[in-house]
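Here this note's numbering runs 44 ahead of the position in the sequence shown, where the first position is 1.
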Amino acid sequence: MTNIYEEADRLDERVRQGAHREVIGGLWDELGTWQFEFCKQMGLLPAHQMLDIGCGSLRGGVHFVRYLDPNHYAGLDVHASLLDAGYERELGPAGLQDRLDRSRLIASDRFDASSVCKDVDFALAQSVFTHIPLNMIRLCLAQLVGVMRPGGRLFATYFEVEEGSPVTLRVERGHGIVSQYEANPYHFPFSDLQQAADGLPIAVRRIGDVGHPRGQFVAEFRFFGSSSPGHRSDTRKLPIDEAMKLRAGADHYRAYVGPPRRFDFMSSTQFALLHSLGLREEDKVLDVGCGSLRLGRLLIPFLREGNYHGIDPNDWLILEGATHELGMAALRLKHPNFASNADFDFSVFDVPFDFIIAQSVATHTGNDQLDKLLRGAADALSPLGVFLFSYIRAEEPCEAPDGWHYPACVEYTETDMVERLKTVGLAAKPIPWFHPAANWILAARSPEALPSDADAAGLTGHVVNRITDTKGYVFKG
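Pasting the structure below:
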């Protein structure tokens, strides 16, 4: 089958003649609308940074540019003439050029979007993998590792054949399209896509048939940061035993989140508290300030696939925790969800949570940040969900300055905290669960979701036989 995409001179001539819609395969309206609706269904939000791979003359791009925040769309294609046509003949007449700088449309035959893209949340490769061999798919994924944020996702369409199909198989796809292993248009078993991602910090999930107008299937590729160790500081390279000697806040994933000697204890005590509150594997959990996966290393294996959600402003912490505490095998199996922002914007997940936990987050939030945290949690809780968090209880009223305070800490009185929770529509219940440096409190939309006074009194977190850590914090309630 002849593919005009592989004949640059002929394609450029057709584009000059005004056929920029036809040369990318037709179905302009149908496929453009399908791409947009599918991506929204998969969680695309206006605030996301998006990369459209194989964007062509912006069949889908017109929809995305209109929907996304200005300059949050980037398009990548091998043919500059298609990009020019899309910008001038599609965005121009639609009045959308002021929402996208022309520099964000990149011509590259090596899938290199690094000149304009960083921390991409959402990528799409619609009818791209159908036209390139497996080694080029591998190149595409490897290039994306450098521009996708941890937790970022690529959705790619492809022609699928059953596992074990003969390599000589040819499949009629309709409209004169015949897919095969060795020539364009290509088809693959899903395991080939998994193989293309092998050794990269990517988890692959088969979504399957989603009603693509050409009958293509969809695979999801979730990224977990750069595979290159070259950007890690000397401190970050320290093994765990040596990292134990670092001060809290030092540049190591176990120390940055608090005294490293307490890393294991703070993992287990959070998990134990969730268990005591009735955590089950089917619950959806949000880990606020998930950082180095101190809790995530226990929660991710426990929860069902896709039920763990972590949010933290520090991408490097998520990557280091995923690398050193879990490994790619666990991430590929469980498909945790990550977001990176400092605004406590939990709407990025679009999930009502059964549990939201924020350990040692409110201990560092000034007035404005605390209000954002509490309001974000209130908006994201399910009707019977529970929000549990630690804070440092002040004996006397005090004013916490606005902003984020780290490694310094801030304090709030219990009365103040309960009143703040009430303001955002949450009932509160302090509990005596042991914390080496703070206090725990529960909150919920409905008081019925909180434990009774008698049950709350039994939530002590009592630890037997381990009395102190190296800093002298008492671990015995």
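Note that beta-carbon positions come from the ideal geometry of N, C-alpha and C, so glycine has one too.
- Along the length of the region 285-348, whole alpha helix (DSSP H) runs at least 4 residues long occupy 307-320 and 340-346, reported in chain order.
- Every beta strand (DSSP E) of 3 residues or more that sits fully in the region 455-479 is shown, in chain order, as 471-475.
- Distances from the alpha-carbon of Gly208 to those of Ala167, Phe234, Pro451 and Phe199 put Phe234 closest.
- When the five nearest sequence neighbours on each side are left out, the beta carbons in the same chain lying within less than 6 Å of the beta carbon of Gly365 are those of Tyr297, Ser336 and Leu337, in order along the chain.
- Pairing Gly119 with Leu149 gives a Cβ-Cβ distance under 8 Å.
- In the structure shown, Ile485 falls within a strand segment according to DSSP collapsed to helix, strand and coil.
- Contact between Leu425 and Ala488 holds: their C-beta atoms lie close to 7 Å from each other, under 8 Å.
- Here Phe431 carries a strand assignment [DSSP, helix/strand/coil].
- By the neighbour-count criterion, in which 16 or more other beta carbons inside 10 Å mark a residue as buried, Thr174 falls on the buried side.
- By the neighbour-count criterion, in which a residue is buried when 16 or more other Cβ atoms sit within 10 angstroms of its Cβ, Thr409 is buried.
- In the structure shown, the three-state DSSP call for Val211 is coil.
- Distance between Leu342 and Asp308, taken at the CA atoms: about 10 Å.
- Nearest neighbour of Leu363 by Cα position, chosen from Phe346, Val508, Asn381 and Gly350, turns out to be Asn381.
- Under the 8 Å Cβ criterion, the region 427-434 counts as touching the region 480-487, having at least three qualifying pairs.
- Scanning its chain for C-beta atoms nearer than 6 Å, with the 5 sequence neighbours on each side dropped, one finds around Met288 the residues Pro304 and Arg305, in chain order.
- When secondary structure is reduced to three states using DSSP, Val67 falls in the helix class.
- Taking 8 Å as the cut-off, the Cβ atoms of Arg217 and Arg258 count as close.
- Shown here, Thr367 sits in a helix according to DSSP, grouped into three states.
- Counting along the chain, the unbroken beta strand (DSSP E) around Leu95 starts and ends at Met94 to Ile97.
- Pairing Leu244 with Leu361, the inter-Cα distance amounts to about 18 Å.
- Residue Asp394 holds the alpha-carbon nearest to the alpha-carbon of Leu89 among Ile355, Asp394 and Leu339.
- With fewer than 16 other CB atoms across the displayed protein chains lying within 10 angstroms of its CB, Lys281 is exposed.
- Taking C-beta atoms under 8 Å as the contact rule, Val160 and Arg193 fail to qualify, at a distance of about 15 Å.
- Scanning its chain for C-beta atoms nearer than 6 Å, with the 5 sequence neighbours on each side dropped, one finds around Arg376 the residues Ala247, in chain order.
- Less than 8 Å divides the Cβ of Leu339 from the Cβ of Ile401.
- If you compare the alpha carbons of Arg182, Arg419, Cys184 and Gly76 with that of Glu134, the shortest gap goes to Gly76.
- Residue pairing of Glu264 in beta bridges, as defined by DSSP: Phe199 and Arg249.
- Taking C-beta atoms under 8 Å as the contact rule, Ile97 and Val172 qualify, at a distance of about 6 Å.
- Counting along the chain, Asp121 sits inside the beta strand (DSSP E) bounded by residues Tyr117 to Asp121.
- Residues Val109 and Pro114 of the same chain have their beta carbon placed closer than 6 Å to that of Arg143, with the five preceding and five following residues left out of the count.
- The continuous stretches of beta strand (DSSP E) do not include Leu183, which lies in the alpha helix (DSSP H) extending over residues Leu178 to Val189.
- In the structure shown, the three-state DSSP call for Glu216 is strand.
- The closest CA to that of His368, considering only Phe268, Leu321, Pro451 and Arg291, is found on Phe268.
- The straight-line gap separating the alpha-carbon atoms of Pro177 and Val67 is approximately 21 Å.
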